[in-house]
């Protein structure tokens, strides 16, 4: 096996450098914002059982596989996924899955760099005192965030709505490309060698402050540190029987360790033949888990709970990070300083991740299309700027960002992860994979891991993916209440009957101000729709499990596919993803034909 490197001859400067770079690609906003929210909403401490099960069955084995396949492909002279996948499995199917490994990091970068700018913007606002004049209430900070990101209207930022964010976004975008232009060792590695320790210092600084808060509000003695930690870590065993909990845990592992992104394979391709992939992979995963479990799990949610109470546990990623925590810093002693440190840390976490999203595409442009570094950086910059501009313009409700995040940052990652387990277990083969994995290794990976990668991990992934599709893609009715001895109410003048409204209120369901009611002619069935005609609630005469006839009240859980029909921007976002995907597939085809002419494939 040759030790030949790619056409640019790049390699990591040190083993520590590649570990920190891979850890940097994994440590991001998901560690500090997404993980605490997922844990709190899925049983607290009980969430950790499926979380660590997914880490052991999927996360760590997949990282070992990706590091191994990456170094194997690098030894064959390839640094990009289409080339690496093709030398492992000489098939056109493999090369086009390789193009998927370019599409995923590229599209994620397009919106991730925008969130990165939000973090730096908030850090700047704390530094100069822009938050001092805001009333310290959740509503005020929510309004500030909505205005800051242009959440109230499309095109808001382009029309002068927030010049500060435009300037910061331009700075962050250019900074990413300056660092990526400098290459693997001089750019990414050097930056991560500084950014990762600095990030740890910032996180520990905030952690110490949170752990010394005690009970800051005597009027609410229940909102104390112990209860805040309990909201994150106390187990609720009933969640272990819910498929959603296991699905959320697997999704968090994917999102957290960058499995299925196509990033680790690219980074590992720059390793030397003698470099250790077994211990390095495990070390990078361990660093990520330290940031996620030991820092993210001990800071974000406990801090929010201490000042906001139990309502903090129900906030989503952006709500927890940009709405709840500024309210916390406003009433925390020294809050302005700790607010700056917190958001600067989030910025560092974001930029180490966004850099890793650019490198796989840069590598492909250089080795697949024969572009020099300046040309490949410029070409990629133009493509990425167009996508980021799309997200910035369609800012209302963050629909474009959320659509890209779901279909690329979740759905396609599952697809690529499934393919990569099959590629390693059945394409490369566990015998060759085990041999490659242990070249230069200082750690002996148990033989059992190879059988897990070939049989258990693919099966686990397919089951999780099936559950994921059923939960997220398929529309279904979720029963709210079943009323016996009640006939289906008559609808008069498009008004929700009083007894039905009472049932909805009792179950904390709301009806929008503007709605319509439709009925099925000749059927005991009717439905409440919102102003876009999207279904909200259905009502029907049915039988329950005991054979009793009554009125079943359902909340209509609309699947993601059907929901696209009700949102023009979401449909445009899907169209944009498809266009970029086709473009990358065409470039992949051109590159593979070039490699075939050169005799490399």
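Numbering (our numbering), first residue to last: 3 to 603. Glycine is no exception: its CB is placed at the ideal position from the N, C-alpha and C atoms.
Looking only at C-alpha atoms, which of 544, 543, 137 and 555 sits nearest to residue 479?
Sequence index remark: in the chain shown, residue 479 carries index 477 (1-based). The candidate whose alpha carbon is nearest that of residue 479 is 555.
List the DSSP bridge partners of residue 286.
Position 284 of the chain shown holds residue 286. Partner(s): none; residue 286 has no beta bridge.
Quick one: give me the first and last residue of the beta strand (DSSP E) that residue 556 is part of.
Residue mapping note: residue 556 aligns to position 554 of the chain shown, counting from 1. Residues 551-559.
Using 7 Å as the threshold, is the C-beta distance between residue 402 and residue 571 below it?
Start at 1 with the first residue of the chain shown, and residue 402 comes out as number 400. Start at 1 with the first residue of the chain shown, and residue 571 comes out as number 569. Yes; because the gap between Cβ atoms is below 7 Å, this pair is in contact.
Are three or more beta carbon pairs between the stretch 354-364 and the stretch 377-397 nearer than 8 Å?
Touching, yes.
Exposed or buried, residue 559, counting other C-beta atoms within 10 Å across all chains shown (16 or more means buried)?
Position 557 of the chain shown, counted from the first residue, corresponds to residue 559. Answer is exposed; the Cβ neighbour count stays below 16.
Given a cut-off of 7 Å, decide if residue 386 and residue 111 are closer than it, judged by their beta-carbon atoms.
For this step, residue 111 is matched to residue 109 along the chain shown. For this step, residue 386 is matched to residue 384 along the chain shown. Yes; because the gap between Cβ atoms is below 7 Å, this pair is in contact.
Looking at residue 45 and residue 238, is the spacing between their C-beta atoms short of 7 Å?
Looking up residue 238 in the chain shown gives position 236. Looking up residue 45 in the chain shown gives position 43. Closer than 7 Å, so yes.
On the three-state DSSP scale, how would you describe residue 237?
The residue given as residue 237 occupies position 235 in the chain shown. DSSP places residue 237 in strand when its eight states are reduced to three.
Sorted by chain position, which residues of the same chain lie with C-beta nearer than 7 Å to residue 281's C-beta, five sequence neighbours on each side aside?
Indexing the chain shown from 1 puts residue 281 at position 279. Same-chain partners within the cutoff: 443, 444 and 445.
Under the rule that 16 or more other beta-carbon atoms within 10 Å means buried, what is residue 601, buried or exposed?
Along the chain shown, read from residue 1 onward, the residue named residue 601 stands at position 599. Flag for residue 601 reads exposed.
Sorted by chain position, which residues of the same chain lie with C-beta nearer than 7 Å to residue 97's C-beta, five sequence neighbours on each side aside?
Working through the chain shown from its first residue, we reach residue 97 at position 95. The answer, listed in chain order, is 84, 87, 88, 590 and 594.
So what does DSSP say about residue 539, is it helix, strand or coil?
Counted from its first residue, the chain shown places residue 539 at position 537. In the structure shown, residue 539 sits in a strand (DSSP, three-state: E or B).
Is the CB of residue 167 under 7 Å away from at least one CB in chain D?
Considering every chain present, this structure includes no chain D. It has just one protein chain.
Hey, quick one: how far does the alpha helix (DSSP H) through residue 250 stretch, first residue to last?
Along the chain shown, one-based indexing puts residue 250 at 248. Start and end: 245-259.
In whole angstroms, what separates the C-alpha of residue 71 from that of residue 255?
Locating residue 71 in the chain shown gives position 69, counting from the first residue. Locating residue 255 in the chain shown gives position 253, counting from the first residue. When rounded, the distance between both Cα atoms is 20 Å.
Beta-carbon separation of residue 583 and residue 116 under 7 Å?
Taking the chain shown and counting its residues from 1, one reaches residue 583 at position 581. Taking the chain shown and counting its residues from 1, one reaches residue 116 at position 114. Not a contact, by the Cβ cut-off of 7 Å.
Leaving out five residues before and five after residue 7 in sequence, what residues of the same chain have Cβ atoms less than 6 Å from its Cβ?
For the purposes of this step, residue 7 is identified with residue 5 of the chain shown, where counting begins at 1. Low per-residue confidence applies at residue 7: pLDDT is 45, beneath 50, and the placement is therefore not dependable, though the value from the model is reported in the following sentence. Correct list: empty, nothing qualifies.
In this structure, does DSSP put residue 517 in helix, strand or coil?
For the purposes of this step, residue 517 is taken as residue 515 along the chain shown, with counting starting at 1. Here residue 517 sits in strand by DSSP.
Just verifying my parser: in three-state terms, what is the DSSP assignment at residue 205?
Numbered from 1 along the chain shown, position 203 holds the residue referred to as residue 205. In this structure, residue 205 counts as helix in the three-state DSSP scheme.
Among 252, 18 and 34, which one has its Cα closest to the Cα of residue 292?
The sequence position of residue 292 within the chain shown is 290, counting from 1. When only C-alpha atoms are compared, the closest one is 34.
Does the distance from the C-beta atom of residue 369 to that of residue 378 stay below 7 Å?
For this step, residue 369 is matched to residue 367 along the chain shown. For this step, residue 378 is matched to residue 376 along the chain shown. The answer is no: Cβ separation not under 7 Å.
Between the alpha carbons of residue 505 and residue 483, how many angstroms are there, rounded?
Here residue 505 refers to the residue found at position 503 when the chain shown is read from its first residue. Here residue 483 refers to the residue found at position 481 when the chain shown is read from its first residue. Whole-angstrom Cα-Cα distance: 7 Å.
Apart from the five residues on each side of it in sequence, which residues of its chain come closer than 7 Å, Cβ to Cβ, to residue 345?
By one-based count along the chain shown, residue 345 stands at place 343. So the list reads 121, 124, 125 and 128, once near-sequence residues are dropped.
Mark residue 279 as exposed unless 16 or more other C-beta atoms lie within 10 angstroms of its C-beta, in which case mark it buried.
By one-based count along the chain shown, residue 279 stands at place 277. Classification for residue 279: buried.
Please identify the residue among 409, 352, 360 and 535 whose C-alpha is closest to the C-alpha of residue 32.
Position 30 of the chain shown, counted from the start, is the residue given in the question as residue 32. Of 409, 352, 360 and 535, the residue nearest in Cα terms is 352.
Going by Cα to Cα distance, which pick from 496, 137 and 64 is closest to residue 286?
Locating residue 286 in the chain shown gives position 284, counting from the first residue. Of the candidates 496, 137 and 64, the one whose C-alpha sits nearest the C-alpha of residue 286 is 64.
Going by DSSP, what residues sit across from residue 484 in a beta bridge?
By one-based count along the chain shown, residue 484 stands at place 482. Answer is 554, bridged to residue 484.
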